[in-house]
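Student: Protein chains in written order, with our numbering: chain V, 93 to 289; chain H, 93 to 289.
C-beta atoms are modelled at their ideal positions from N, C-alpha and C, and glycine is treated no differently.
As the structure is a prediction and not an experimental result, all values here were calculated from the model.
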DNA sequence: GTCTATATGCCGATAGAC
DNA sequence: GTCTATCGGCATATAGAC
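#1: Could you give the C-beta distance for residue 137 of chain V and residue 284 of chain V, rounded to a whole number, given that I count them as a contact under 8 angstroms?
#2: Pull up the distance between the alpha-carbon of residue 213 of chain V and that of residue 153 of chain V, whole angstroms please.
#3: Under the DSSP definition of a beta bridge, which residues are partnered with residue 240 of chain V?
#4: If you draw a straight line from the alpha carbon of residue 130 of chain H to that of residue 274 of chain V, how long is it in whole angstroms?
#5: What's the call for residue 261 of chain H, buried or exposed, on a 16-neighbour Cβ count within 10 Å?
#6: What would DSSP say about residue 172 of chain V, mapped onto helix, strand or coil?
#7: For residue 253 of chain H, decide whether its Cβ has a neighbour in chain V, counting only Cβ atoms nearer than 8 angstroms.
#8: To the nearest whole angstrom, what separates the beta carbons of residue 259 of chain H and residue 189 of chain H, a pair I think is in contact under 8 angstroms?
#9: Would you kindly work out how many angstroms separate the C-alpha atoms of residue 216 of chain H and residue 192 of chain V, rounded to a whole number?
#10: Determine the closest residue to residue 197 of chain V out of V:288, V:118 and V:183, with distance taken between C-alpha atoms.
#11: If you draw a straight line from the alpha carbon of residue 167 of chain H to that of residue 110 of chain V, how long is it in whole angstroms?
#12: Using a C-beta to C-beta distance shorter than 9 angstroms, which residues of chain V count as neighbours of residue 287 of chain H?
#13: Please state whether DSSP places residue 188 of chain H in a helix, a strand or coil.
#14: Residue 251 of chain V lies in the alpha helix (DSSP H); which residues open and close that run?
#15: Given that residue 192 of chain V touches chain H, what residues does it touch there, using C-beta distances under 7 angstroms?
#16: Would you give the residue range spanned by the alpha helix (DSSP H) that residue 205 of chain V belongs to?
#17: Taking 8 angstroms as the CB-CB limit, is residue 278 of chain H close to chain V?
#18: Taking 6 angstroms as the limit between beta carbons, can you name the residues of its chain near residue 183 of chain H, skipping five residues before and five after?
#19: Can a CB atom of chain H be found closer than 8 angstroms to the CB of residue 225 of chain V?
#20: Kindly indicate if chain V contains any beta-carbon less than 8 angstroms away from that of residue 121 of chain H.
#21: Residue 210 of chain V touches chain H at which residues, Cβ-Cβ below 8 angstroms?
#22: Hey, could you find the ends of the alpha helix (DSSP H) residue 218 of chain V is sitting in?
#23: Going along the chain, which residues of its own chain have a beta-carbon closer than 8 angstroms to the beta-carbon of residue 252 of chain V, five neighbours each way excluded?
#24: Identify the contact partners of residue 143 of chain V in chain H, using a Cβ-Cβ distance below 7 angstroms as the criterion.
#25: Would you mind stating whether residue 120 of chain H and residue 208 of chain V have Cβ atoms separated by less than 8 angstroms?
#26: Near residue 301 of chain H, what residues of its chain come up, given a Cβ to Cβ distance below 7 angstroms and the 5 sequence neighbours on each side ignored?
#27: On the DSSP letters alone, give me the boundaries of the alpha helix (DSSP H) that residue 131 of chain H sits inside.
#28: In angstroms, rounded to a whole number, what distance separates the CA positions of residue 160 of chain V and residue 219 of chain V?
#29: Would you identify the three-state DSSP class for residue 210 of chain V, choosing helix, strand or coil?
#30: Can you say whether residue 332 of chain V is buried or exposed, counting buried as having 16 or more other CB atoms within 10 angstroms of its CB?
#31: List, in chain order, every chain H residue whose beta-carbon is nearer than 7 angstroms to that of residue 250 of chain V.
#32: Checking 8 angstroms against the spacing of the C-beta atoms, do residue 155 of chain V and residue 206 of chain V come in under that value?
#33: When the distance is taken between beta carbons, is residue 141 of chain V closer than 8 angstroms to residue 125 of chain V?
#34: Contact defined as beta carbons within less than 8 angstroms: I believe residue 254 of chain V pairs with residue 236 of chain H. What is the distance between those atoms, to the nearest angstrom?
#35: Taking all protein chains shown into account, decide if residue 173 of chain V is buried (16 or more other Cβ within 10 angstroms of its Cβ) or exposed.
#36: Of all the CB atoms in chain V, is at least one closer than 8 angstroms to the CB of residue 218 of chain H?
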């Protein structure tokens, strides 16, 4: 009980720091946000912040992996695999759009930092080869069934990522269209037509 | 002659500042780059930098518009319009990839800052509705001819931008494939299949 | 684990001579 | 237009009590 209590306290403060950092990084950018302001917004002292994270850099990289993991968990757990590649891809795509719409801060974080220099290459690789590996596997399965075009896998993956970022950027700029079925359908059609065999 | 000389001097210093800022922003990021280091790299004093630009922010926004304009000028001037939408789109696409490969610094600048918060919305809008208007017009023309799918134009534009960024990101990570025709062809095919009717 | 207090250096921008 | 010199402020990170 004592241990559980301590752990909860621990994660509470740590999560508060991550949550405040997320909000501030998104609204102001990384370097424009001071560690002091993150600590203040989280209701902790700067010393506490540096107790949980060795540096400001580690905060944003930690945040990136946390959010990617949450993204992956959510879109997978809301999907049922049918074995029909296009259908499964559509389900994942729509879940991904739903997630982005329901998590505007995290969505904006991806838009701003997915391609930025603040996220180091180790973090990026961990996301692609670990957390998002199921996407790689789905595309390769699609190629084996001659449903997905036999373009180089790296090019396909980069294209998927780029189209997803474009889609959530569109729905960010036009939040009123988030539930419009024709726009939702079109965003998947663009993606699927690009990669299908 | 005196005026020309003065003007040339003027643009020389100003361009030197912009060139140094480009290199430093790309390698270190915006906020991590000090105005002092930009001035030093350009061989001018900090006072001179602030004579030409009212603030550090104005440097990066100025840079963004300059590079977008150069990008647009280059891919247009290397193209001959045939009236065949797919052919013209392919020419523009391949020219755009060529430009990115031949200008690695400017390409990386786009990758890092196209979606970042450092570029303000006025700058962004000026780029889309002014400098890149010819792209909007080409897509609309394609829709009128029923060659390009009738998805909402804003969604199409965002998708084009996203796929272009994905393509240059791929060729950045794999410079040895920049002249490989199958990869070049595949990158256009992905783009075109997505948007065609 | 969390706090207060603070070290120390660098930052953007300005002033003013030439 | 360009320079030198410099200001006031804020940044990250640490020290050490509790």
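Tutor: Here's the rundown:
#1: For the purposes of this step, residue 137 of chain V is identified with residue 45 of the first chain, where counting begins at 1. For the purposes of this step, residue 284 of chain V is identified with residue 192 of the first chain, where counting begins at 1. Actually they are not in contact, since the Cβ atoms of residue 137 of chain V and residue 284 of chain V sit about 50 angstroms apart, beyond 8 angstroms.
#2: Locating residue 213 of chain V in the first chain gives position 121, where the first residue counts as 1. Locating residue 153 of chain V in the first chain gives position 61, where the first residue counts as 1. Between residue 213 of chain V and residue 153 of chain V, the alpha-carbon positions lie close to 10 angstroms from each other.
#3: Taking the first residue of the first chain as 1, we reach residue 240 of chain V at position 148. According to DSSP, which records beta bridges pairwise, residue 240 of chain V is partnered with V:288.
#4: Within the second chain, the letter at position 38 stands for residue 130 of chain H. Within the first chain, the letter at position 182 stands for residue 274 of chain V. Cα to Cα, residue 130 of chain H sits roughly 48 angstroms from residue 274 of chain V.
#5: Here residue 261 of chain H refers to the residue found at position 169 of the second chain. Buried is the call here.
#6: Your numbering for residue 172 of chain V matches position 80 in the first chain. The three-state secondary structure of residue 172 of chain V, taken from DSSP, is coil.
#7: Position 161 of the second chain, counted from the start, is the residue given in the question as residue 253 of chain H. True, the Cβ-Cβ gap to chain V drops below 8 angstroms.
#8: Here residue 259 of chain H refers to the residue found at position 167 when the second chain is read from its first residue. Here residue 189 of chain H refers to the residue found at position 97 when the second chain is read from its first residue. Here residue 259 of chain H really is in contact with residue 189 of chain H; their C-beta atoms are around 6 angstroms apart, less than 8 angstroms.
#9: As a first step, residue 216 of chain H must be located in the second chain, where it is residue number 124. As a first step, residue 192 of chain V must be located in the first chain, where it is residue number 100. So the alpha carbons of these two residues sit roughly 23 angstroms apart.
#10: To locate residue 197 of chain V, count along the first chain from 1; it is residue 105. Ranking V:288, V:118 and V:183 by Cα distance to residue 197 of chain V puts V:118 first.
#11: What you label residue 167 of chain H is simply residue 75 of the second chain in a count that begins at 1. What you label residue 110 of chain V is simply residue 18 of the first chain in a count that begins at 1. Residue 110 of chain V has its alpha-carbon roughly 43 angstroms from the corresponding atom of residue 167 of chain H.
#12: Looking up residue 287 of chain H in the second chain gives position 195. Correct list: 282, 285 and 286.
#13: Numbered from 1 along the second chain, position 96 holds the residue referred to as residue 188 of chain H. Per DSSP, reduced to three states, the secondary structure at residue 188 of chain H is helical.
#14: Stepping through the first chain from its first residue, residue 251 of chain V is reached at position 159. For residue 251 of chain V, the enclosing alpha helix (DSSP H) stretches over residues 245 to 265.
#15: In the first chain, counting from the first residue as 1, residue 192 of chain V sits at position 100. Contact of residue 192 of chain V with chain H by beta-carbon distance below 7 angstroms is absent, the smallest such distance being about 13 angstroms.
#16: The sequence position of residue 205 of chain V within the first chain is 113, counting from 1. Unbroken alpha helix (DSSP H) run through residue 205 of chain V: 196 to 205.
#17: Your numbering for residue 278 of chain H matches position 186 in the second chain. Yes, its Cβ sits closer than 8 angstroms to a Cβ of chain V.
#18: On the second chain, residue 183 of chain H is found 91 positions in, with the first residue counted as 1. So the list reads 171, once near-sequence residues are dropped.
#19: Your numbering for residue 225 of chain V matches position 133 in the first chain. Judged by the 8 angstroms Cβ criterion, residue 225 of chain V is not in contact with chain H.
#20: Position 29 of the second chain, counted from the first residue, corresponds to residue 121 of chain H. Closer than 8 angstroms to some Cβ of chain V, the Cβ of residue 121 of chain H qualifies, so yes.
#21: By 1-based counting over the first chain, the position of residue 210 of chain V is 118. Simply 121.
#22: Translated into positions along the first chain, residue 218 of chain V becomes position 126. Residue 218 of chain V -> alpha helix (DSSP H) spans 213 to 218.
#23: Translated into positions along the first chain, residue 252 of chain V becomes position 160. Answer for residue 252 of chain V: 227, 231, 283 and 287, listed in chain order.
#24: Translated into the one-based positions of the first chain, residue 143 of chain V becomes position 51. Per Cβ cutoff of 7 angstroms: no residues; residue 143 of chain V is ~25 angstroms from chain H at best.
#25: If you number the second chain from 1, residue 120 of chain H lands on position 28. If you number the first chain from 1, residue 208 of chain V lands on position 116. Against a cut-off of 8 angstroms, the Cβ pair of residue 208 of chain V and residue 120 of chain H comes out as no contact.
#26: This structure does not reach residue 301 of chain H, given that chain H is present from 93 up to 289, and the question cannot be answered.
#27: As a first step, residue 131 of chain H is located in the second chain; it is residue number 39 there, counting from the start. 127 to 134 is the span of the alpha helix (DSSP H), which, as asked, contains residue 131 of chain H.
#28: Position 68 of the first chain, counting from 1, holds the residue named residue 160 of chain V. Position 127 of the first chain, counting from 1, holds the residue named residue 219 of chain V. CA-CA distance, residue 160 of chain V to residue 219 of chain V, rounds to 7 angstroms.
#29: Here residue 210 of chain V refers to the residue found at position 118 of the first chain. Residue 210 of chain V: coil per DSSP, three-state reduction.
#30: Because chain V here runs from 93 to 289, residue 332 of chain V falls outside it and cannot be looked at.
#31: As a working mapping, residue 250 of chain V is identified with position 158 in the first chain. Taking a Cβ-Cβ cut-off of 7 angstroms, the neighbours of residue 250 of chain V in chain H comprise 258, 261 and 262, given in sequence order.
#32: As a working note, residue 155 of chain V is residue 63 in the first chain. As a working note, residue 206 of chain V is residue 114 in the first chain. Cβ distance not < 8 angstroms, so residue 155 of chain V and residue 206 of chain V don't count as in contact.
#33: Within the first chain, residue 125 of chain V is the residue found at index 33, counting from 1. Within the first chain, residue 141 of chain V is the residue found at index 49, counting from 1. Using a Cβ distance threshold of 8 angstroms, residue 125 of chain V and residue 141 of chain V do not count as a contacting pair.
#34: Residue mapping note: residue 254 of chain V aligns to position 162 of the first chain, counting from 1. Residue mapping note: residue 236 of chain H aligns to position 144 of the second chain, counting from 1. The beta carbons of residue 254 of chain V and residue 236 of chain H sit about 27 angstroms from each other, so the pair does not count as a contact at 8 angstroms.
#35: For this step, residue 173 of chain V is matched to residue 81 along the first chain. Per the 10 Å Cβ criterion, exposed.
#36: As a working mapping, residue 218 of chain H is identified with position 126 in the second chain. At a cut-off of 8 angstroms between beta carbons, residue 218 of chain H makes no contact with chain V.
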